[in-house]
Amino acid sequence: MQVSLHTSTKPALMIRFRVKHLLRLLLTLCLSLVIPGVVASADSENRAADANGLGKEHVVLNQPPEAASAPETPAPEADSKTLAPGSTPDSKGIENQVRTRELEQALKRYRQAIRELDAYGPYHEQSSEALFGLGETLKNHGLYKEAIITLRRAMHINRVNHGLHSLSQAPILESIIETQKALNLFENVTTNYSRLLNLFLKNHDANHPSLIPLLQELALWHISMYQLDSSTSRVDHITSANGLINAALKNAQAAPELDTQAHIELLRITALVNLYASQHEGDQWATALDAPYSASADQEFMSLSRMATLSKTGFKKGRIAHEQIIKLAEMDEDNSPERIITAYVEAGDWYLLFNRRNQAMNYYERAHELITASDQSEMLMAQWFSQPVFLPAVLSVSKPEHLPTRHITAELDISESGRPSQINLLEPSTESGLGLRRSALKTIRQARFRPRFADGKPVETKASRISIP
Numbered sequence: 039m040q041v042s043l044h045t046s047t048k049p050a051l052m053i054r055f056r057v058k059h060l061l062r063l064l065l066t067l068c069l070s071l072v073i074p075g076v077v078a079s080a081d082s083e084n085r086a087a088d089a090n091g092l093g094k095e096h097v098v099l100n101q102p103p104e105a106a107s108a109p110e111t112p113a114p115e116a117d118s119k120t121l122a123p124g125s126t127p128d129s130k131g132i133e134n135q136v137r138t139r140e141l142e143q144a145l146k147r148y149r150q151a152i153r154e155l156d157a158y159g160p161y162h163e164q165s166s167e168a169l170f171g172l173g174e175t176l177k178n179h180g181l182y183k184e185a186i187i188t189l190r191r192a193m194h195i196n197r198v199n200h201g202l203h204s205l206s207q208a209p210i211l212e213s214i215i216e217t218q219k220a221l222n223l224f225e226n227v228t229t230n231y232s233r234l235l236n237l238f239l240k241n242h243d244a245n246h247p248s249l250i251p252l253l254q255e256l257a258l259w260h261i262s263m264y265q266l267d268s269s270t271s272r273v274d275h276i277t278s279a280n281g282l283i284n285a286a287l288k289n290a291q292a293a294p295e296l297d298t299q300a301h302i303e304l305l306r307i308t309a310l311v312n313l314y315a316s317q318h319e320g321d322q323w324a325t326a327l328d329a330p331y332s333a334s335a336d337q338e339f340m341s342l343s344r345m346a347t348l349s350k351t352g353f354k355k356g357r358i359a360h361e362q363i364i365k366l367a368e369m370d371e372d373n374s375p376e377r378i379i380t381a382y383v384e385a386g387d388w389y390l391l392f393n394r395r396n397q398a399m400n401y402y403e404r405a406h407e408l409i410t411a412s413d414q415s416e417m418l419m420a421q422w423f424s425q426p427v428f429l430p431a432v433l434s435v436s437k438p439e440h441l442p443t444r445h446i447t448a449e450l451d452i453s454e455s456g457r458p459s460q461i462n463l464l465e466p467s468t469e470s471g472l473g474l475r476r477s478a479l480k481t482i483r484q485a486r487f488r489p490r491f492a493d494g495k496p497v498e499t500k501a502s503r504i505s506i507p
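All you need for the working numbering is the position in the sequence shown, starting with 1, plus 38.
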């Protein structure tokens with residue numbers, strides 16, 4: 039929304055000059071803001087309540103002049119140890135004190151600059167850019183709750199000026215998502231991912247190649263949430279991930295410019311989705327349309343997938359995905375031996391996960407032959423076969439940052455066929471950790487491991503140590 043303040047040319051030029059001057063000052067403050075550490079966050083219920091109420095018009099940084107002297111953002115506490123006579127002050131404590139003062143002064147100047155900028159209207163177009171810069175700074179320094187408030191305000195102003203469906207707000211929404219991940223507000227993250235996808239769909243055709251990275255990111259998010267969710271509705275994440283990655287693959291077929299590795303990554307995620315679908319125990323009649331977390335339930339390009347169907351076809355679809363990966367790796371112009379070795383090893387992993395040992399060993403031996411013929415054989419052997427590997431080991435799939443993960447270390451024997459035995463959890467047994475220990479034991483007993491190789495053959499490994507998330 040543009041507001042005409044004056045009709046004469048000279049005053050208008052003066053106003054634009056002052057606005058640009060204020061914005062330069064504001065962005066300088068954003069870049070110079072130095073905040074040590076991460077401010078301790080409130081308990082999860084308060085954080086969720088704050089996040090759910092972030093659409094309110096109250097903005098911490100836009101407050102009356104009398105409140106500007108005391109920043110709303112809690113400053114890091116300085117080291118207040120009492121010094122003994124003749125002792126040297128703690129350098130870290132002094133540094134924290136200096137940074138705390140700098141933070142207080144920066145916030146005070148920032149609020150003043152915002153008030154001056156607001157004199158030209160509360161929804162000045164460039165205010166959104168300035169607030170986005172500050173929100174990023176707050177996020178990068180661990181002040182997540184304050185960052186979300188600032189980013190929400192930035193997005194609100196952006197939408198007033200550019201419309202509800204403008205793609206210019208996408209970077210702000212992505213920053214909000216990352217901040218909510220840091221606060222473990224996972225349902226909020228899923229909801230905002232849905233909004234981000236719908237925003238892209240308002241601006242692009244559903245089959246547009248530019249949607250591929252976002253569809254892939256959302257599929258990975260749902261896979262991660264499936265592993266964390268212990269409720270009866272966790273199946274919804276798999277049906278959602280299946281629809282999203284299928285849509286990404288469909289778009290990839292219409293994008294010949296997509297490089298080989300990007301296509302391989304999509305196929306690896308496809309295999310992982312089908313692995314979890316085939317192993318799922320629970321509601322076999324769930325569908326993507328039933329999923330409250332589905333970011334794609336109302337989109338025509340997302341196919342309906344019943345969990346019972348996914349479970350029955352999981353092995354076949356995953357096998358086909360790995361066969362396609364091998365074909366892409368072998369046909370690639372770069373002809374990278376490492377890429378082909380990876381494809382063979384992961385195909386072997388797939389068969390071993392489904393107790394098809396002969397087929398698994400066939401692929402492992404093909405990979406071993408390529409490793410032996412390579413001029414980097416020692417490095418590649420150490421990477422793939424020097425020790426047992428907990429499966430699945432899809433290298434492209436990792437948990438998003440900030441997800442809570444607690445590991446338990448175990449010592450166990452692993453046979454040449456990849457089966458565990460003689461399991462010993464090394465963490466001390468405590469009443470609060472009994473559930474976690476039982477879960478870890480169950481996971482290990484049901485697990486399969488890529489075995490260690492010696493002289494080109496799989497061998498048993500004694501007292502192997504692994505870390506189970």
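For glycine and all other residues, C-beta sits at the position ideal for the given N, C-alpha and C.
A286 sits away from A244, with the two beta carbons spaced by 8 Å or more. In the three-state reduction of the DSSP assignment, Q414 falls in the coil class, being assigned neither a helical nor a strand state. Taking C-alpha positions only, S206 is separated from L296 by approximately 25 Å. Residue environment analysis places I132 among the exposed positions, since fewer than 16 neighbouring C-beta atoms fall within 10 angstroms of its C-beta.
In the displayed model, L189 falls within a helix according to three-state DSSP. Taking C-beta atoms under 8 Å as the contact rule, H360 and E384 qualify, at a distance of about 6 Å.
Taken in chain order, the whole alpha helix (DSSP H) runs of length 4 or more contained in the region 176 to 234 are 182 to 200, 208 to 220. Look at R457 here: in three-state DSSP terms it is coil, with no helix or strand label. The DSSP-derived three-state label of L258 is helix. Pairing T499 with R488 gives a Cβ-Cβ distance that is not under 8 Å. Taking 4 residues as the shortest admissible run, the region 243 to 318 contains the following complete alpha helix (DSSP H) segments, listed from N- to C-terminal end: 250 to 266, 273 to 291, 298 to 317. Burial is judged here by how many other beta carbons sit within 10 angstroms of a residue's own beta carbon; Q460 has fewer than 16 and is exposed.
Sequence-distant partners of L169 (beyond 5 residues in either direction) whose C-beta falls short of 6 Å from its own C-beta, in its chain, are T188, R191, A192.
Spanning the alpha carbons of V273 and I261 requires a straight line of approximately 10 Å. Under the 10 Å beta carbon count, N226 is surrounded by 16 or more other beta carbons and is classified as buried. A distance below 7 Å between beta-carbons, with the five flanking residues on each side excluded, links Q362 to the following residues of its chain, in chain order: L305. Ranked by Cα distance from H242, the options L172, R476, H203 are led by H203. The secondary-structure analysis by DSSP pairs F487 across a beta bridge with F428. DSSP places S502 in the strand class (E or B) of the three-state scheme.
Inter-segment contact for the region 308 to 320 and the region 365 to 373 is absent: fewer than three beta-carbon pairs are separated by less than 8 Å.
Between G356 and L391, the alpha-carbon positions lie close to 11 Å from each other. In the DSSP assignment, L450 falls within the beta strand (DSSP E) that extends over 446 to 452. Within the region 381 to 412, the runs of alpha helix (DSSP H) at least 4 residues long that lie entirely inside it are, in chain order, 395 to 411. Inclusion of I195 and T217 in the CB contact set at 8 Å is not warranted, their separation being larger than that value. The secondary-structure analysis by DSSP pairs K495 across a beta bridge with A492.
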